[in-house]
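Colleague: Sharing a structure with you now.
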Amino acid sequence: MRGASVDVKQDYQLASSVQDKAIAHVNLERYEEIGAVYYQQGGIDFFNLADGVSRQSYQLVLPENTRVTAFAKSMAMYGEMAYGLSNGQFQVIKTDYQISYPQDKRYLTPNILYPLGEAPIQLDENKSSISQMAIQQTANGIMVAATTADKRLLLGIFSSSTNIITGEATLAQEIFTLPPLPNEQVASKILLDETGQHLIVATDNSQIFLYKIINPASAQIQPPIVIEQGNITAVEFLVGTGSIIVGTDKGHLSQWFLVRDDNNVYALQPVREFKSLSGAITQIVPEYARRGFWALDNQQNVGIYFATSNRQLFEEKMPLAVDQIAVSPINGKALLLNHNLAVTVADVWNKHPEVSFSSLWEKVWYEGRQQPEYIWQASSGSDNFEAKMSFVPLSIGTLKAAFFAILFAVPLGVMGAIYTAYFMTPKLRGIVKPTIEIMAALPTVILGFLAGLWLAPFMENHLPAVFSILILLPVVMLVTGFIWSKFPTSIRTRIPEGWEATIVVLPLILCIYFCVTLSPLTEIWFFNGSMRQWFTDNGINYDQRNALVVGVIMGFAVIPTIFSIAEDAVFSVPRHLTQGSLALGATPWQTMVGVVLPTASPGIFSAVMMGFGRAVGETMIVLMATGNSPVVNFNIFEGMRTLSANIAVELPETAVESTHFRVLFLAALLLLALTFVVNTLAEIVRQSLRKKYSNL
Amino acid sequence: MKNLSKKQTSWWKSGLPWVWLNGGAVAVCMLMVLGLLGLIASRGFGHFWPADIMQTKVTEMDGSQQIIMGEVVRAETIPASVARDSGYEIPEEQLLVTRHLFKLGNRDVTGRDFVWYLENGMDEWTYPEDAIVIERREWGNFYGYPVAIREQDKVVAELLDENFWEEMQSRLERALMLHHQVEVIEKSRIGAINNAMEELRLERRRLELSGATAEVLSLADANISERRAALEAEYSVIKQERDDLLQQATRDKLVAKTADGKELVMSFDHLVRITPSNQLSLVEKTVSYFQYFWAFMTDEPREANTEGGIFPAIFGTVTMVIVMSIIVTPFGVLAAIYLREYAKQGVMLKIIRISVYNLAGVPSIVYGVFGLGFFVYTLGGNLDELFYAESLPSPTFGTPGLFWASLTLALLTLPIVIVSTEEGLSRIPSTIRQGSLALGATKSETLWKVVVPLATPAMMTGLILAIARAAGEVAPLMLVGVVKLAPSLPIDGVYPYLHLDQKIMHLGFHIYDVGFQSPNVEAARSLVYATSLVLVLLIIALNITAIRIRNNLREKYRSASD
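Note that the protein sequences, when read in sequence, are chains G and W. Using this note's numbering, the letters of the first sequence map in sequence onto residues 1 to 696. Using this note's numbering, the letters of the second sequence map in sequence onto residues 697 to 1258.
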């Protein structure tokens, strides 16, 4: 979780091919070999990043007596750049690097493409000069927006298609005039998003307007947002054009994006604020493929930020004046340039900025969400995807699974242990104990498979049976005991004390059998035919693979651990204590509660802890029986995704050394720490108990 | 009456109800264990029993009637309203309906091999004598009637012929034999040629990497291309041989028809087994049962693991466990001996003990993550750079494989071996030690000649428990070397015979994969039960052995210390 570092490697002076050295834009390509400077007046210089030697120069051909009056660029992945001209025309270019391998070495040749043709396109029929421009590649083609010198707002949609037969390129174009800004305000920056549905206009009096241009002919303006922390000096989209970063003359930086409210209306909302720079923000440079950005102020301060995790990774005052920054697509190098064309090339180390304590453990407001949330969704098919890595749903899932397992296992395990250790005859104990211990050796993959493919569908179809069994079993035990006490002594003496457990078996089996057979009838009588449907009707979500199934089966897996340790603890209570108690006239149960349990309670506690530790780390059962959906709730009828299952599912498929890979390792560490604490505690308690017994 | 109620209160007061509740808890635990084992056993063993082939007429949801043939899988009683909701017509007064799941097979004909039918509108079930079930290499089972056998499009036997059934079985055997021969050629001889080719490529690359001059390289190139040509020539001969066999295998065809009369022609080389289940007597069924069981244990899986046997999975599990034992035994035993016999008892030792106990409680998936991060990527990546540079960038040890899986499991089972060995050492009565020392033996002589041999059974117990644990562990293996379908076994006839870098199949992972990742869960279900049964039996047998050894040992020393 260290921040970023920027090491200056080279300084050199760039030789320029043009007269007017005003710079519009600087960028680097993905192999970090060539830098490109795009001048305001249409000149382009490509140079070696290593030494500044010029590789190639271009000059756009402008119509006579025109000047470039506006410059715009689309998202860096698309790479279109637009020059708006003083006669209301504009031209779009795109840089393409061709790779060849002469003598087995990579060689890049920059090349200028004209996606909309080489001839400038007339955007404004009135031939008024273009003062601000925006360009974006959308599903409908290339969209261009512009404000003119006479304060009109124009929107053009262009798509170029090539005729398959003639090879001729045709250009379809639609141009709309959008409603002007209210109160004669002047736009200082305009931006178009990737969906082609929103146009964002920042004005020079610190307001931001959102145009909805789904229907460009009837575009709507939303009420403006006023930025209160100074005048807007820079606005830029982050990758994916889902959110904008706004910088002001007071160095303030904030992130905004479209949030849907309860009435299904989208509006720009402030999401988070970043640590300010000291001077006025002059430039914001988004990173190529992640939601990070660089910011530059007029006091030569450079800051590196990451939006999702709200981190400032780097801030430093540069020795030279800096006017333009370019960051390579793989975030390995940065290029700083000033108006005298003095270049500084720096190596950048900026890995895994998306992870911070707050992004893992606190609610994060992700793009497109209504409010800050805990979400685990570590990957998706799209490049623009924002990884959502919150440990909260996974930790909650882990605890939920362990909680229900313990809830099921503790009564059975502990009570079983008490009976086996204290009331049962040694002969029976010799059978029962190994059997339950063999249970511990049963591979969890088999338990998981039974949970997922047998128990889950069975429970879904026999829900009433499940609940009636849970309620009726203790009742059956008590009733059996009571009836047994009413039996004539002659029968009762045939079965010696310590064999009660065997008597209960038959009634228990009968009870389970009746519950299952009567289950469909119960459903008809009480739940209109289907208990599951009844749950849904009453607003309770029911998943087939849910916490109940996991609780039962994982409880089953944990019982031997608890049983075995608790049994040891109860069994090793020194005999003279119990014999003393019995001799004083206490009943066996009174001895149990009054003498044995207080002595053995640390052992039983230790057993429960051990069981909990095992339940937390269990993988296969939860993997197969939970449905693995990372939800944040404690509903017993819904599934969960635990840390361990998450690792098992995602680790084999993630890219080695990626942030996701590292976060999964962190998850494993978390799991290790959790079980380590629990187990050490249990072990210490057990050791001190052993000492206590040997003293007695 | 008053007397009775007093008696009741006293029953409550005595605490006996609690005792009964506790007793009940034990009973529930036992019921659960036994019920679970029973469930696995009945489903697992049932997988191999040649089920009767049933034929009946059923009513579909839209009212149309249809003749079906297949095996009965299970039945279920559901409230009638549920069935009504899903579109069936059920008489008003009926509260419950029973539905049956049939395995109809014939996936190539109908596309639905498992179908639920309501008992309503179902005819009586019949078990036709002539019905057969055919296990095929593709498309799953076929249920129907045989009609005729053709040889090169000429009918040689018909159903009513006297020797029809013998003819059918003998032709099936011939096809199976041919298939086996083809397999041998493909696996060993063509495999050997492929290996030799790859070896040539690596040899060339190795020369390149060693910085050989252009002269040497061109010389080697000539040599290599010569050898390659020889291999290719050999290959074309073998391929011809194989194609001939394949040609022969397609000679015989079986004509069969489904229950509703559709005729189907199947080449014998696509069939595995033909069983006329309804004709078989109980003895024959038992024989067929064991044959099927044997085939299950020794065959390779088919149809994305949902059919066929589990031999590679068993083989992979056993190999992995053996490699693991070889690693874990010396480490565990020596560590235990050191802790018990040599180390100075103190705070340090106490911390080590607690750590060892703690190691046993670490979740297995964490070991998997450690194995992946440290063994596979760090150790493996470095090994590759040092020794297998010629095959980079394709990794040899820098990728999950048998060795790393074994090493990870060795780490996982280390505490088991340590604890059990230590326990064994501590149980050896001090009289024996003192006797040995009194007779003039040195400390090391006493240890290695008297104490350690006596503690061997304890070490065995530890090892067996470790093996049982390792055989059932799946989660870490998913990360460090187990795959759903390995192309070849980790031990074969090609040098160096034991391929530690190879990925393996594993019984536990097989269960997970077939049960949860396969396209046809219903078809795979009984196979998963059978696989589970094999695994459970293996593990229970290992555990019982360990418990026996431990108990014998206790008895032995109890008498020795007296």
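No residue lacks a Cβ here, since even glycine has one placed at the ideal position from N, Cα and C.
(1) Between which two residues does the beta strand (DSSP E) holding Gln-1130/W run?
(2) Ala-1000/W and Pro-1183/W look like a contact to me (Cβ under 8 Å); what is the Cβ gap, rounded to whole Å?
(3) In whole angstroms, what is the alpha-carbon distance linking Asp-956/W and Met-726/W?
(4) Hey, how far is the Cα of Ser-973/W from the Cα of Leu-855/W?
(5) Please specify which runs of the beta strand (DSSP E), each continuous and at least 3 residues long, are wholly inside the segment 941–977 of chain W, giving them in chain order.
(6) Cα separation between Gly-766/W and Asn-802/W?
(7) Taking only beta carbons into account, state which residues of the segment 754–786 of chain W come closer than 9 Å to chain G, listed in chain order.
(8) Could you run through the segment 887–910 of chain W and flag, in chain order, every residue whose CB is less than 9 Å away from some CB of chain G?
(9) If you measure from the beta carbon of Phe-408/G to each beta carbon in chain W, is any gap under 8 Å?
(10) Name the residue from Val-768/W, Tyr-1038/W, Ser-906/W whose alpha carbon lies nearest to the alpha carbon of Phe-810/W.
(11) In the DSSP output, what is Ser-921/W paired with across the bridge?
(12) How would you call Asp-1258/W, buried or exposed, if buried means at least 16 neighbouring beta carbons within 10 angstroms?
(13) Can you have a look at Met-1044/W and say buried or exposed, based on whether 16 or more other CB atoms are within 10 angstroms of its CB?
(14) Please report the distance separating the alpha-carbon of Thr-680/G from that of Ile-1047/W.
(15) Say whether the segment 444–453 of chain G touches the segment 561–574 of chain G, bearing in mind that this needs 3 or more beta-carbon pairs closer than 8 Å, one atom from each stretch.
(16) Output the distance between the C-alpha atoms of Gln-377/G and Arg-662/G, rounded to the nearest integer angstrom.
(17) According to DSSP, simplified to helix, strand and coil, what is Leu-700/W?
(18) Which ranges does the beta strand (DSSP E) cover as unbroken runs of at least 3 residues, wholly within the segment 523–556 of chain G, from first to last along the chain?
(19) How long is the line joining the alpha carbons of Ala-24/G and Trp-294/G, rounded to whole angstroms?
(20) Do three or more CB pairs link the segment 148–161 of chain G to the segment 169–185 of chain G at distances below 8 Å?
(21) In the DSSP output, which residue or residues are listed as bridge partners for Asp-347/G?
(22) Could you work out which residues of chain W lie near Met-459/G, taking near to mean beta carbons separated by less than 9 Å?
(23) Express the C-alpha separation of Trp-256/G and Tyr-211/G in angstroms, rounding to a whole number.
(24) When you compare the CB of Leu-727/W with every CB in chain G, is at least one pair closer than 8 Å?
(25) Based on the DSSP secondary-structure assignment, which residues constitute the bridge partners of Asn-301/G?
(26) What residue from Met-459/G, Gly-639/G, Ala-569/G has the CA that sits closest to Gly-397/G's CA?
(27) Rounded to whole angstroms, how far is the Cβ of Arg-641/G from the Cβ of Thr-626/G, which I believe are closer than 8 Å?
(28) Using a beta-carbon distance cut-off of less than 7 Å, what residues from the segment 648–680 of chain G approach chain W?
(29) So, is Asn-1239/W buried or exposed, given that buried needs 16 or more other C-beta atoms within 10 angstroms?
(30) From which residue to which residue does the alpha helix (DSSP H) around Tyr-784/W run?
(31) Given a threshold of 16 other Cβ atoms within 10 Å of its Cβ, counted over all protein chains shown, does Phe-526/G qualify as buried or as exposed?
(32) Tell me whether Met-864/W sits in a helix, a strand or coil according to DSSP, three-state version.
(33) Classify Asn-461/G as helix, strand or coil using the three-state DSSP reduction.
(34) If I'm right that Phe-306/G touches Pro-353/G with Cβ under 8 Å, what's the distance once you round it to whole angstroms?
(35) Given a limit of 8 Å on CB to CB distance, which residues of the segment 805–829 of chain W reach chain G?
(36) Could you confirm whether any beta carbon from chain B is found closer than 8 Å to the beta carbon of Pro-488/G?
Modeller: Taking the definition as stated:
(1) That residue, Gln-1130/W, is in no beta strand (DSSP E); its alpha helix (DSSP H) goes 1126–1134.
(2) No, Ala-1000/W and Pro-1183/W are not in contact; Cβ-Cβ is about 15 Å, not under 8 Å.
(3) 49 Å
(4) 16 Å
(5) Counting only runs of 3 or more, we get 948–953, 959–963, 967–971.
(6) 9 Å
(7) Glu-772, Thr-773, Ile-774, Pro-775, Ala-776, Ser-777, Val-778, Arg-780, Asp-781
(8) none
(9) Output row for Phe-408/G: interface = no.
(10) Val-768/W
(11) Ser-921/W is not bridged to any residue.
(12) Any reading at Asp-1258/W is ruled out, since the residue's pLDDT is 48, under 50, leaving its predicted position unreliable.
(13) Exposed: under 16 other Cβ atoms inside 10 Å.
(14) 11 Å
(15) no
(16) 15 Å
(17) Residue placement at Leu-700/W is poorly supported in this model, since its pLDDT is 49, which falls under 50; the coordinates still yield a value, given next. When DSSP states are grouped into helix, strand and coil, Leu-700/W belongs to the helix group.
(18) none
(19) 17 Å
(20) yes
(21) Asp-7/G, Lys-333/G
(22) Those within 9 Å of Met-459/G in chain W number zero; the least Cβ separation is about 14 Å.
(23) 15 Å
(24) yes
(25) Answer by DSSP bridge pairing, in chain order: Lys-317/G.
(26) Gly-639/G
(27) 7 Å
(28) Cβ contacts with chain W come from Ala-648, Leu-651, Pro-652, Val-656, Phe-665, Ala-668, Leu-671, Leu-672, Thr-675, Phe-676, Asn-679, Thr-680.
(29) buried
(30) Unbroken run through Tyr-784/W: none, as it is neither H nor E.
(31) exposed
(32) helix
(33) helix
(34) 4 Å
(35) none
(36) No chain B appears in the structure shown, which is made up of the protein chains G and W.
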